[in-house]
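**Student:**
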Amino acid sequence: MKDLFSEGSQRYKQARPAYSTQIVKEILKHVPKRNFAWDCGAGSGQFTQLLAPYFEHVVATDISEAQLQQAPYFENVSYQLQAAEQTTIPDQSIDLVTVAQAIHWFDFDAFYKEVTRVLQPQGVLAIIGYGLIQVQDAAINALVQQLYAETLKDYWDSERRYIDELYQTIPFPFHEQAVPELRLEYQWTGQQLLSYLKTWSGLKHYQEHNRNDPLQPISAALQTAAEYLDVTFPVLLRVGIREK
Numbered sequence: 322m323k324d325l326f327s328e329g330s331q332r333y334k335q336a337r338p339a340y341s342t343q344i345v346k347e348i349l350k351h352v353p354k355r356n357f358a359w360d361c362g363a364g365s366g367q368f369t370q371l372l373a374p375y376f377e378h379v380v381a382t383d384i385s386e387a388q389l390q391q392a393p394y395f396e397n398v399s400y401q402l403q404a405a406e407q408t409t410i411p412d413q414s415i416d417l418v419t420v421a422q423a424i425h426w427f428d429f430d431a432f433y434k435e436v437t438r439v440l441q442p443q444g445v446l447a448i449i450g451y452g453l454i455q456v457q458d459a460a461i462n463a464l465v466q467q468l469y470a471e472t473l474k475d476y477w478d479s480e481r482r483y484i485d486e487l488y489q490t491i492p493f494p495f496h497e498q499a500v501p502e503l504r505l506e507y508q509w510t511g512q513q514l515l516s517y518l519k520t521w522s523g524l525k526h527y528q529e530h531n532r533n534d535p536l537q538p539i540s541a542a543l544q545t546a547a548e549y550l551d552v553t554f555p556v557l558l559r560v561g562i563r564e565k
């Protein structure tokens, strides 16, 4: 698993979009037992905090200590520095495994082997993510899409393609359940949009090799844009049940 987000972990926590309770409720429809959950690749706990009210105990793991240090405290949550592919979680002890915006960085075979080991029979795996941002302001949106697809084209890690493909091309060796189409919807200021774009790993790679600021065209356009921008993200959600 790659660690691209330890540096700037506080910015990541502040700038990344928050997940909706609607996502959690859709997942929980498939989870009858709610004793133990494992949030894998938890980062700064963006998804962990939504699980905490529904389970007796949540284990949240990540390979970035800097990210975990940004996570919120809950009495029933244990944050642990562990890789997704090999943990100290006991066999068949987990009712739900979640991975939010992280599975594309994992070694799929090793991770799924670990998930199968720790899940109880009929336990559930939920893969969560969000696709490319869309801005309602057409001019700003065109610049964001150009930044993503043209300016940063050669600077994205190869694993990013799984998000472009809406997580439909990742291996998924579990009994898949039907889920509805969901979106994340926000009203952001221009500064919030820029802060989010600065968390892109492709942007970080670009800045390592170039001196110019690729966000400058967007920054300039925001000077005359509305104070608040309507932005949306398509939710990527796959839910599967471990067979007995």
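Per the working numbering: the sequence shown = residues 322 to 565.
All C-beta atoms, glycine included, are put in the ideal place defined by N, C-alpha and C.
Fair warning: this is a prediction, and the values are worked out from it, not measured in the lab.
Kindly indicate the opening and closing residues of the alpha helix (DSSP H) around L505.
**Tutor:** Note, L505: premise wrong, no alpha helix (DSSP H); beta strand (DSSP E) at R504 to T510.
**Student:** Exposed or buried, what is L402 when buried is set at 16 or more other beta-carbons lying within 10 Å of its beta-carbon?
**Tutor:** The residue is exposed, with fewer than 16 neighbouring Cβ atoms inside 10 Å.
**Student:** Report yes if the C-beta distance between V418 and S399 is below 8 Å; otherwise report no.
**Tutor:** No; because the gap between Cβ atoms is not below 8 Å, this pair is not in contact.
**Student:** Are Y517 and H425 closer than 8 Å when you measure CB to CB?
**Tutor:** Going by C-beta atoms, Y517 is not nearer than 8 Å to H425.
**Student:** Could you check which residue in Y375, E347 and S341 has the C-alpha nearest to that of N356?
**Tutor:** Comparing Cα positions, the closest option is Y375.
**Student:** Enumerate in chain order the residues of its own chain whose CB-to-CB distance from R438 is below 7 Å, with the five nearest sequence positions on each side excluded.
**Tutor:** Cβ within range, chain order: D412.
**Student:** Please classify A373: is it buried, with 16 or more other beta-carbons within 10 angstroms of its beta-carbon, or exposed?
**Tutor:** Buried: at least 16 other Cβ atoms inside 10 Å.
**Student:** Is it right to say A499 is buried, meaning 16 or more other beta carbons lie within 10 angstroms of its own, or is it exposed?
**Tutor:** Classification of A499: exposed, given that the 10 Å Cβ count is below 16.
**Student:** According to DSSP, simplified to helix, strand and coil, what is A404?
**Tutor:** A404: strand per DSSP, three-state reduction.
**Student:** Given V370, which residues of its chain have a CB within under 6 Å of its CB, disregarding the five upstream and five downstream residues?
**Tutor:** A quick correction: the sequence has Gln, not Val, at residue 370. Around Q370: P393.
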